[in-house]
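Chains as they are written, first to last, in the working numbering: chain A, 48 to 474; chain B, 1311 to 1342.
Ideal Cβ positions, reconstructed from N, Cα and C, are used throughout, including at glycine.
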């Protein structure tokens, strides 16, 4: 074999230039036609079926048990560190990942029991001045991409797009999908105090979206507000009453003042001290770019949070969150390296789509999890549980909760400029 | 981790950032 390999003479033959040119034309044609006709597979409802696509490295990543690894990572980083070690360990971490220790609150590193605690650190008041613009950054990070949405396609990186419907989800009334729970549209025809039956589980409308007999909002500011009992996949969640009693008149006054502030920032003249019937802005259900108001467009922006960044996120404007959709998915890394290689990265990963409205129409914010930070917290949604063990629902399905009870006046969870909304935790 | 914002705005909305730019909470992302 060695002899044959080394001694067999290689004979080179010239091929006609035309054949070579033809070959190049064919290769170029195939490349272009692949770009023009991406392999988009639609399901029976016409919604794109998202599959893992990319080079071999992506498929190797897809074969790894990323969710289990993420939970293990979270467990390891929740272990308490020796008090003497904490300053050294966190200073090393800060040096490696570029954290600014001067702005953290508390600044005594011994008070952070674990790396997970330190990762989810708070900032000192005033550490982040808020610009007087209509849209500010919701997080510390790097702007990966931004632009306008055309034909309901969002651009991940130059030339690679994903479906807006796949990212935010579409309402599929009547679809017998166990993971999709009730939406407002399911309830629009239900009278107060009636029983709605979704997926075979009964509950009262008051329990679901809050009514006159439902408890009022909780006291203690926005962090303690609870959504109406959500459409969580676990049946025991239904009928469970969230503690939402008002403890003092003063806190209720604060809450109303907060909502009034948000309404004012949204350009709404809501009768906040009057009866809770005002729904000042027309509710828009569609996120399609074909349905935006005349003169408006749909825009997108992607911000990547590196491991050393402050990992809480804030409200980028004054808006009202009407609902959230929790998509259980993979937990690929969302680093720029992967974003350039893995198509549909943000659609494949676990994410929480917070959908609502601001003064110019539809507004949505989607925190997307990753391998090291698989847990997403939303302060005003105590029911939300991300990166949990258990059977995975079919791709593209989601659980949904509405926040109608949070503010009957604004019919959702009002958020003011730069108000803290939640964050990402390790594992 | 990543945050994706999707929003409707008047067509003359302009982003005030560049791709690859570092940004902080509360910093201007865009304006009319």
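Outcome for residue i when other beta-carbon atoms lying within 10 angstroms are tallied against a minimum of 16
i	result
residue 54 (chain A)	exposed
residue 75 (chain A)	exposed
residue 65 (chain A)	exposed
residue 411 (chain A)	buried
residue 462 (chain A)	buried
residue 185 (chain A)	buried
residue 453 (chain A)	buried
residue 57 (chain A)	exposed
residue 450 (chain A)	buried
residue 122 (chain A)	exposed
residue 77 (chain A)	exposed
residue 97 (chain A)	buried
residue 70 (chain A)	exposed
residue 171 (chain A)	exposed
residue 223 (chain A)	Confidence at residue 223 (chain A) is low in this model, with a pLDDT of 35, below 50, so its placement is unreliable and the value that follows should be read with caution. It counts as exposed.
residue 102 (chain A)	exposed
Where residue i falls: helix, strand or coil (DSSP)
i	result
residue 450 (chain A)	coil
residue 435 (chain A)	coil
residue 140 (chain A)	helix
residue 387 (chain A)	helix
residue 405 (chain A)	strand
residue 1319 (chain B)	strand
residue 198 (chain A)	coil
residue 422 (chain A)	strand
residue 134 (chain A)	helix
residue 1340 (chain B)	strand
residue 360 (chain A)	strand
residue 210 (chain A)	strand
residue 1335 (chain B)	coil
residue 203 (chain A)	strand
residue 121 (chain A)	helix
residue 64 (chain A)	helix
residue 308 (chain A)	helix
residue 1312 (chain B)	strand
Residues that DSSP places opposite residue i in a beta bridge
i	result
residue 396 (chain A)	A:377
residue 366 (chain A)	A:462
residue 76 (chain A)	Paired residue(s): none; residue 76 (chain A) is not in a bridge.
residue 343 (chain A)	B:1320
residue 371 (chain A)	A:401 and A:448
residue 184 (chain A)	Beta-bridge pairing links residue 184 (chain A) to no other residue.
residue 170 (chain A)	A:151
residue 193 (chain A)	A:348
Residue j beta carbon less than 8 Å from that of residue i
i	j	result
residue 464 (chain A)	residue 348 (chain A)	no
residue 159 (chain A)	residue 137 (chain A)	yes
residue 415 (chain A)	residue 396 (chain A)	yes
residue 468 (chain A)	residue 393 (chain A)	no
residue 214 (chain A)	residue 201 (chain A)	yes
residue 369 (chain A)	residue 404 (chain A)	yes
residue 1317 (chain B)	residue 471 (chain A)	no
residue 117 (chain A)	residue 161 (chain A)	no
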